[in-house]
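Contents: one structure, followed by commentary.
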Amino acid sequence: NTLVQESAGALSGAGLPVSAWQQKTIAGAKSHYLVTPIGIGIYLTNSGNFALLASSERALADALSAFNKPELQLASALSTSSTELLTGIPTLASTYVDFAELATTIESVKGSLAMFTGGSPALEQIEVERMKTLGRLVYAATFADSQLTISGRLESVQ
């Protein structure tokens, strides 16, 4: 609940209009969610010691399912070196961005975004197309022996 409250505070503090958090069970886990006025969802739950944040109910359900089915885990889609980056030693935080999926999301909400930009596109279509070719980005932050290490990897996608 504290994470939900802190998330709501951060979104409001950033000036983003948000609705009240709602609750539902997703893949067997009590989850909190909201949908922004521009149609982007924010889904939040925890599984064991992990806090999971996703932009859709399906993505959150997939992440929760992956905890119980290794063949569905994100690591199964990554290269060996990216998997080692995320699983080699315990991380403080991990980040994964699939730029093709991000570009698709931007395309799906660009009409809604236009109302905030005076009708001009928030991102030119050529930039969205370039984003689709960037691949996947993986970052991991670790702390060991009094040293914070941030490592990253950009993978191309065929």
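According to the working numbering, the sequence shown is numbered sequentially starting from 159. Beta carbons: idealized from backbone N, C-alpha and C, even for Gly.
Specify the secondary structure class of L230 as computed by DSSP and reduced to three states.
-> Unreliable placement is indicated for L230, whose pLDDT of 49 sits below 50; the coordinate value is still reported in the next sentence. Of the three classes helix, strand and coil, the one that applies to L230 here is helix, per DSSP.
Residue of K182, Y297 and T307 minimising C-alpha distance to T203 = Taking each of K182, Y297 and T307 in turn and checking the Cα distance to T203, the smallest one comes out for K182.
Taking just the CA atoms, how far does V267 sit from Q283?
-> Cα-Cα distance, rounded: 13 Å.
Pick helix, strand or coil for D302, following the three-state DSSP scheme.
-> The sequence given here places Ala at residue 302; Asp does not occur at that position. DSSP places A302 in strand when its eight states are reduced to three.
Contact between the region 286-300 and the region 215-225: three or more CB pairs below 8 Å?
-> Flag = no, the region 286-300 and the region 215-225 do not touch.
So, are the CB atoms of V296 and L211 less than 8 Å apart?
-> It is not a contact, given that the beta carbons lie outside the stated cut-off.
Would you please state the rounded distance, in angstroms, between the beta carbons of R311 and S240? I believe it to be under 8 Å.
-> Correct: roughly 5 Å between the Cβ atoms.
In or out: L306 buried (at least 16 other Cβ within 10 Å) or exposed?
-> Looking at its Cβ environment, which holds fewer than 16 other Cβ atoms inside 10 Å, L306 is exposed.
Residues of its chain near G186, where Cβ-Cβ distance is below 8 Å and the 5 sequence neighbours each way are ignored | Excluding sequence positions up to five before and after G186, its CB lies within less than 8 Å of the CB of L222, all in the same chain and listed in chain order.
Rounded to a whole number of angstroms, what is the C-alpha to C-alpha distance between P195 and M289?
-> The alpha-carbon atoms of P195 and M289 are separated by roughly 24 Å.
Rounded C-beta distance between I264 and A219? I'm assuming under 8 Å.
-> With 8 Å as the limit, I264 and A219 do not qualify as a contact, their Cβ atoms being about 23 Å apart.
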